[in-house]
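Numbering (full-length UniProt numbering), first residue to last: 1 to 1139.
Built from N, CA and C at the ideal position, the CB exists for glycine as well.
Just so we're clear, the structure is a prediction, and the values are computed from it rather than from any experiment.
Please read the structure below before turning to the comments.
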């Protein structure tokens, strides 16, 4: 047998995977290379994953034993084969067996589909059999659709089932499908079905138009003697005798095949044994046969008379056409001479026979030769010379042939490596070809510049992807908490949450793909549509973006400073990157072939578009994963996380602390992530979407139970909603698991699959329709995203990657945990009991009321003057100069005759006291001139509680409204959605100027205007309470301050800004208030006049790099929690501002 690899008959790309084929053969205990092409088809179908390919080969063996062995050739099948619907017309130019199909002769019937499937298995098995001249095991199908009727000659269900059967049991066997003379109506019906077939089938379908036939395109693929006359060839194959012979051949072949399978042989093993028994395949190589004939000649050869074996004066009978055929030779040479020849042969052919083996052969051969020489007749020296000469010549010829094959194989292997290298260089930016004209000294500089531009562009795309993650998290958080506003909101907004979450996972995946391609110097997938110009186009984008950002940096750094220049250049860079990622996302989803090519190397999921075939047609579903759906390790991990989530949630519901809520959130997020990763990684295909969707529903419904049941209990509408939610969650979860993991097959599994999918789709569609009715803006947005998502699922093979899934899952979980933790920390500030004995007990003695009442305060300033200013303080200019370097500017503030910034901090502390009696005692000790003012309650379940205190003097009346968190933890957690966008965006705010941050933040929160949120009602209720309080004030000079701590203090400040212009706010360690987000209608100057924000860099409630104009800082080095405590703040302010 030749040393050339069998995979060369398929192509050089196949030879590149020879190592994987050899490993599969080792695991399958195959010790020859006759099955290499057969095995390669399974490897290619499984993305060259050896474990999956071995498993698929074993499933193929089960298919042979359980299905092929049970087939019988019926009379209807013989009659169908004699109609000439399909026949073999020869081989194409690539060596593939060609089936010619005349569709117009077929009259399909739904009742005969099973027999048609059996007939197809027989056809393909016969066409892909091992042949002496070719072990390619591939066929080509030439389909003639002339005069074919869509109604009478086509059964689309059967065609789709056969296509799926090819991918399941005959991967790679049907190498090409040429469809000719297809009508327009038939093409319009067939093309959508082709696009939904597995890629290993749909990519091999080629539609040949009439113009292609006339131009001779088929003659480039088939010889004229093979191509039928109807398609432009010379083969008049439409004869009844051809049909009858084909039917008989198929019947005889399959009867022998069936008997072999019953005996326990595999299909390919039986075919190989049949070829060997017929003498078509050599058991050993020519050199091995020659050595064997010389080393161990038969005794009959020595006894035959000499002189009749050869004819002098012409070539011997076994040498024809320069091809050596080694027959029985009888060299009468001494034993040592035989070993000399063998040694020379081993030397030439690089033989590896051991010395011990040759010695044992030499002893045995010497004994046999001596015994045979004693009884041999008289030898002819001339005949011996001729024999030796022919033997030596044969050795040299065979050695030269083997050396030629080895050298040729080495050349092929080098060619494969070179082609792989060229293919990688085609997608990798080397710069050598583009910069070939530059001198060597400039070449390295130019290449370095190009790589620098790529790194800068990759960073921009990475930052842009992070911005997309932040946008997705903020959107999901708002939709998530909108579910809790009404008992049955979980259905429409839960569906919206699932759609938006899936959409942003895909969106982030595209961003990571582009950033990774840029960083690795590879051509972005979307740009490959430009062909050879893709590299140049991508380099032009990178260089232009990098150069523009550098120019912008230089201009802004010259005009302002280096930091501002850097922020401007970074801002424009990642904003442009986000726009490009969005365009790539749209193009990818709409599935332009050049932009979105299926990948077998990097793909981790099957094409989910085949789901439509299972839903709409009676096609047989694959049984590939029935025995491998429940790996013990994965089941244990998912079970543990599910039980942990339920246990922690139940513990929180019955009265547990925040730890149980956070543990339930984390466990549910991990469960969802593991479910998606495991299901997608195992390549379950269309079934994976059922499991992932059920897991999404289970997560959303369980979170709704935790947040709603804890707050409302089983009273009122909440009980009915909870029961409905739990019932639907359980139903979908059990239905999906039973469908995917149950031991079903055939019709039962197909109908379970259909019922599960249809119920799930109808439920989602009903929820989206209900959402559109309740909230048409969000409903239309979700509907558009759902259509886009369906396109991604149906038209792409790699809709998301692990980076996108992991980033969105982890980021959303962290944001939800941040809401829970910040709400909990706010609630822990509330206390009971008097603290005036420990905190500034002598604060009231600082002020001489009679003297200060005649001095101007901050309330007497004009509207244009800021809240903090050197002209509006009570201390003298000399005192200001003495303490200018020692105290911060806020220490110079005087809010009333008896109230400075330390007093405001004390009021913030006083407002956190929920004990009314202790609050009165502290008020009398700190602020004896202030009295409690009645104020309406915001609401029992509101996240904020207000108290009001008033001081009246001869010159000015001062009212201080304090804010503290409400008693409802869940309402407080929900209210954190007001500020979670600021906290999340603060991580990116240092990458842009402050003015840009104020402009970008409202776009991040665009969905807040579309969804109903509880904090919106609470904010408006608080503003109404403040207005009612102001309506009862009748002083001439009124000064109203709203003071608070943390996010609740910022919420109170927003309510004050919405009330009246005379209301001013002081917030300690609260998130920044962006006027454009809350539609306050105030500019930066007005914010500086009406809001004072006191911050430390270490506080847990402050954001990073996101500040407002009136923010003032106080130093603190005690850590996050101590610096955030109001006790520490009061003490620090007292130390800084004491005169």
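Beta-ladder partner(s) of residue 963, from DSSP: What you label residue 963 is simply residue 963 of the chain shown in a count that begins at 1. Under the DSSP definition of a beta bridge, residue 963 partners with 946.
From 155, 785, 142, pick the residue whose C-alpha is nearest to that of residue 180; which is it? Residue 180 sits at position 180 when you count from the first residue of the chain shown. Measuring C-alpha to C-alpha distances from residue 180 to each of 155, 785, 142 identifies 142 as the nearest.
Check whether the segment 1011–1026 touches the segment 471–487, taking contact to mean three or more Cβ pairs, one atom from each stretch, closer than 8 angstroms. Put simply, the segment 1011–1026 touches the segment 471–487. At least three CB pairs are less than 8 angstroms apart.
Cβ shell of residue 271 (< 7 angstroms), same chain only, five flanking positions each side left out: Position 271 of the chain shown, counted from the start, is the residue given in the question as residue 271. Counting only Cβ-Cβ distances below 7 angstroms, and skipping sequence neighbours, we find 129, 130.
Whose C-beta lies closer than 7 angstroms to the C-beta of residue 54 among residues of the same chain, with five residues either side of it excluded? In the chain shown, counting from the first residue as 1, residue 54 sits at position 54. 24, 27, 28, listed in sequence order.
Nearest candidate by alpha-carbon position, reference residue 966, set 1022, 952, 984, 960: Working through the chain shown from its first residue, we reach residue 966 at position 966. Of the listed residues, the one whose Cα sits closest to residue 966 is 1022.
Nearest-angstrom beta carbon gap, residue 171 and residue 44 [assumed within contact, 8 angstroms]: The residue you call residue 44 lines up with position 44 of the chain shown. The residue you call residue 171 lines up with position 171 of the chain shown. That pair is a contact at about 7 angstroms.
I need the DSSP call for residue 980, collapsed to helix, strand or coil. Reading the chain shown from its first residue, position 980 is the one you call residue 980. Secondary structure at residue 980: helix, using DSSP grouped into helix, strand and coil.
Please identify the residue among 667, 653, 33, 656 whose C-alpha is closest to the C-alpha of residue 643. If you number the chain shown from 1, residue 643 lands on position 643. The candidate whose alpha carbon is nearest that of residue 643 is 667.
With distance defined between alpha-carbon atoms, name the residue in 947, 389, 942 nearest to residue 932. Residue numbering aside, residue 932 sits at position 932 when the chain shown is read from its first letter. Comparing Cα positions, the closest option is 947.
Assumed close pair residue 975, residue 1051 - CB separation to whole angstroms, cut-off 8 angstroms: For the purposes of this step, residue 975 is taken as residue 975 along the chain shown, with counting starting at 1. For the purposes of this step, residue 1051 is taken as residue 1051 along the chain shown, with counting starting at 1. The C-beta distance from residue 975 to residue 1051 rounds to 7 angstroms, short enough to fall under 8 angstroms.
Are residue 101 and residue 85 closer than 8 angstroms when you measure CB to CB? Position 101 of the chain shown, counting from 1, holds the residue named residue 101. Position 85 of the chain shown, counting from 1, holds the residue named residue 85. It is a contact, given that the beta carbons lie within the stated cut-off.
Rounded to the nearest angstrom, how far is the Cβ of residue 225 from that of residue 234, given a contact under 8 angstroms? Position 225 of the chain shown, counted from the first residue, corresponds to residue 225. Position 234 of the chain shown, counted from the first residue, corresponds to residue 234. Contact check for residue 225 and residue 234: beta-carbon distance about 6 angstroms, within the 8 angstroms limit, so the pair qualifies.
Alpha carbon to alpha carbon, how far is residue 820 from residue 1140? Give it in angstroms, no decimals. Residue numbering for the chain in the displayed model covers 1 to 1139; residue 1140 lies beyond these limits and cannot be assessed.
Inter-residue spacing [alpha-carbon to alpha-carbon] between residue 254 and residue 145: Taking the chain shown and counting its residues from 1, one reaches residue 254 at position 254. Taking the chain shown and counting its residues from 1, one reaches residue 145 at position 145. Cα-Cα distance, rounded: 28 angstroms.
According to DSSP, simplified to helix, strand and coil, what is residue 558? The residue labelled residue 558 in the question sits at position 558 within the chain shown. Of the three classes helix, strand and coil, the one that applies to residue 558 here is helix, per DSSP.
If you drop the 5 nearest sequence neighbours on each side, which residues of the same chain put their C-beta closer than 7 angstroms to that of residue 82? For this step, residue 82 is matched to residue 82 along the chain shown. The beta carbon of residue 82 sits closer than 7 angstroms to the beta carbons of 243, 244, 247 from its chain, once the five residues preceding and following it are set aside; these are given in chain order.
Assuming residue 61 and residue 262 are in contact, meaning their beta carbons sit under 8 angstroms apart, how far apart are those beta carbons, in whole angstroms? Within the chain shown, residue 61 is the residue found at index 61, counting from 1. Within the chain shown, residue 262 is the residue found at index 262, counting from 1. About 14 angstroms separates the two Cβ atoms, so there is no contact after all.
Residue 1064: first and last residue of the uninterrupted beta strand (DSSP E) it sits in: Here residue 1064 refers to the residue found at position 1064 when the chain shown is read from its first residue. Per DSSP, residue 1064 belongs to the beta strand (DSSP E) from 1063–1068.
Cα-Cα separation between residue 1145 and residue 104, rounded to whole angstroms: Since the first and last residues shown for the chain are 1 and 1139, residue 1145 lies out of range.
Identify whether residue 478 lies in helix, strand or coil by the three-state DSSP scheme. Along the chain shown, one-based indexing puts residue 478 at 478. In the structure shown, residue 478 sits in a helix (DSSP, three-state: H, G or I).
DSSP state of residue 182, grouped into three classes? Taking the first residue of the chain shown as position 1, residue 182 is located at position 182. Residue 182 falls in the coil class under three-state DSSP.
Residue 1061 classed as buried or exposed, judged by whether at least 16 other C-beta atoms fall within 10 angstroms: Translated into the one-based positions of the chain shown, residue 1061 becomes position 1061. Residue 1061 should be labelled exposed.
Straight-line Cα distance separating residue 958 from residue 560: What you label residue 560 is simply residue 560 of the chain shown in a count that begins at 1. What you label residue 958 is simply residue 958 of the chain shown in a count that begins at 1. Cα to Cα, the separation comes out at about 42 angstroms.
What's the gap between the Cα of residue 349 and the Cα of residue 392? Sequence index remark: in the chain shown, residue 349 carries index 349 (1-based). Sequence index remark: in the chain shown, residue 392 carries index 392 (1-based). At residue 349, the pLDDT of 30 sits below 50, so the modelled position is not reliable and the matter cannot be decided from this model.
For the alpha helix (DSSP H) containing residue 1129, name the first residue and the last one. As a working mapping, residue 1129 is identified with position 1129 in the chain shown. That run of the alpha helix (DSSP H) goes 1126–1137.
In three-state terms, what does DSSP make of residue 868? Walking along the chain shown from the start, residue 868 turns up at place 868. Its pLDDT being 42, under 50, residue 868 is placed unreliably by the model, and the measurement read from it follows with that caveat. If DSSP states are grouped into helix, strand and coil, residue 868 belongs with coil.
Candidates 817, 268, 1003, of which the one nearest residue 32 by Cα: What you label residue 32 is simply residue 32 of the chain shown in a count that begins at 1. Ranking 817, 268, 1003 by Cα distance to residue 32 puts 268 first.
Residue environment, residue 107, which counts as buried when at least 16 other CB atoms sit within 10 Å: The residue you call residue 107 lines up with position 107 of the chain shown. The residue is exposed, with fewer than 16 neighbouring Cβ atoms inside 10 Å.
So, is residue 467 buried or exposed, given that buried needs 16 or more other C-beta atoms within 10 angstroms? The residue you call residue 467 lines up with position 467 of the chain shown. Buried.
Among the candidates 521, 549, 548, 550, whose CA atom is the shortest distance from the CA of residue 536? Counting from 1 along the chain shown, the entry for residue 536 is found at position 536. Of the listed residues, the one whose Cα sits closest to residue 536 is 521.
Within the same chain, show all residues whose beta-carbon is closer than 7 angstroms to that of residue 627, passing over the 5 residues directly before and after it, in chain order. Locating residue 627 in the chain shown gives position 627, where the first residue counts as 1. Caution applies to residue 627, whose pLDDT of 48 falls short of 50 and renders its modelled position unreliable; the value that the coordinates give is listed next. No residues qualify anywhere along the chain.
Is residue 729 near residue 770, with beta carbons less than 8 angstroms apart? The residue you call residue 729 lines up with position 729 of the chain shown. The residue you call residue 770 lines up with position 770 of the chain shown. Contact flag unset, no.
When 63, 534, 458 are compared against residue 517, the one with the closest alpha-carbon: As a first step, residue 517 must be located in the chain shown, where it is residue number 517. For residue 517, the nearest C-alpha among the options comes from 458.
Which residues bound the beta strand (DSSP E) around residue 990? Taking the first residue of the chain shown as position 1, residue 990 is located at position 990. Here residue 990 belongs to no beta strand (DSSP E), and DSSP marks it neither H nor E.
Taking the C-alpha atoms as reference points, what is the distance between residue 231 and residue 155? On the chain shown, position 231 is the one that residue 231 refers to. On the chain shown, position 155 is the one that residue 155 refers to. The straight-line gap separating the alpha-carbon atoms of residue 231 and residue 155 is approximately 23 angstroms.
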